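Okay, structure first, notes after.
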Amino acid sequence: MSQASLAGSAPRTTTMTAPVDIVSARGRLRTGKPWRIVLNIVGILLAVVWAFPVYWMVNSAMLPNVVLEKTTPTLLPFGGSFKNFQAVIADGSFFKALGISLSIAAIVVVVCLIFAFLAALAISRFRFKGRRSFVLAVLFIQMLPAEGMFIAQYKLMSNLGLLNSIIGVSIIYIAAVVPFTIWMLRGFVAGIPADLEEAAMVDGLSRTQAFLRITFPLLAPGLVASGIYAFLQAWNEFTVALVLLDADNKTLPLWLRGFIQQSASTAIDWGQVMAASTLVAVPVIIFFMFVQGRMTSGLVSGAVKG
């Protein structure tokens, strides 16, 4: 009788604990939901604070200078036009600077990805003499202040005959960007097991085929993230281009500086200045909005893996 009573009591205990667990879980969800709402509101407010300067720049670019000089701010561009953009584009120097910036950025991205990709493979997959010293050298080069090397860079480019040239500026940018891109790609390469390639080779693929068909597609997000980082560094850089380029050849940051100085010689037309700033900044911001997720994953992966 005692065994029967114990056997009968066991299901009762099970049926009573399940509803208690469900009720407690629902209580935790109810208490956590208000905090999620608060965090979402805080995130939205921070996004608005971050985006407001960009909105103010675009809004001011649509308004005439007479409206901008008023003490009362105009939050919406009612009655505005694209005349400021037309005035900026009418000067052909903008398209010349745009072409120089695009050329330098393209060279930097392609060369950086090739060198960084091969270096990341060597560091992550091979054990060779001097590997640790190479890794430490990459870290040390990344920590050097760029301003301390301006004189040496200028003399080097002058001796090579590469002053005031796209190739010369691109070489300096590549040397500055490659160390960090190596670390980004190193994290991705270290996160992919070499056993995948070995298994593909067992199935009949060569080492090159196994790498191209198995490993390389998995490294594509890392290559995209590293390319984005290299592009942004080359696009936004100012000081090196200021040292190596003259007044006839300007990147977009230098062109914008010259445009502001030209406006300051008379009366600054803030509408045109904001239009010029918009032409330089907004394309990069839009591009970054589409790819920032991949770039963030690349930064985190390169920081914690390996």
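Numbering-wise, the sequence shown is residues -19 to 286 according to this note's numbering. Backbone N, C-alpha and C define an ideal beta-carbon position, used for all residues, glycine too. Quick caveat: nothing in here was measured; it's all calculated off a predicted structure.
Per DSSP, reduced to three states, the secondary structure at residue 61 is coil, with no helix or strand assignment. One Cα belongs to residue 205, the other to residue 107, and the distance between them is close to 26 Å.
Taking C-alpha positions only, residue 263 is separated from residue 270 by approximately 11 Å. One alpha carbon belongs to residue 167, the other to residue 195, and they sit about 14 Å apart.
According to the DSSP assignment, residue 175 belongs to the alpha helix (DSSP H) that extends over 175 to 182.
Approximately 5 Å separates the beta-carbon atoms of residue 144 and residue 226; this is inside 8 Å, confirming the contact. Around the CB of residue 148, 16 or more other CB atoms lie within 10 Å, so the residue is classed as buried. Pairing residue 154 with residue 91 gives a Cβ-Cβ distance under 8 Å. Contact check for residue 234 and residue 222: beta-carbon distance about 6 Å, within the 8 Å limit, so the pair qualifies.
Going by C-alpha positions, residue 130 is about 26 Å away from residue 164.
Secondary structure at residue 225: coil, using DSSP grouped into helix, strand and coil. In the three-state scheme derived from DSSP, where H, G and I count as helix and E and B as strand, residue 97 is classed as helix.
Here residue 34 is not near residue 208, since their CB atoms are 8 Å or more apart. A contact between stretches requires three or more CB pairs, one per stretch, nearer than 8 Å, and the segment 247 to 261 fails this requirement with the segment 91 to 101. Taking C-alpha positions only, residue 13 is separated from residue 198 by approximately 36 Å. Your pair residue 240 and residue 220 does not check out as a contact, with CB atoms roughly 20 Å apart and the cut at 8 Å. Closest by C-alpha distance to residue 64, out of 78, 46, 50, is 46.
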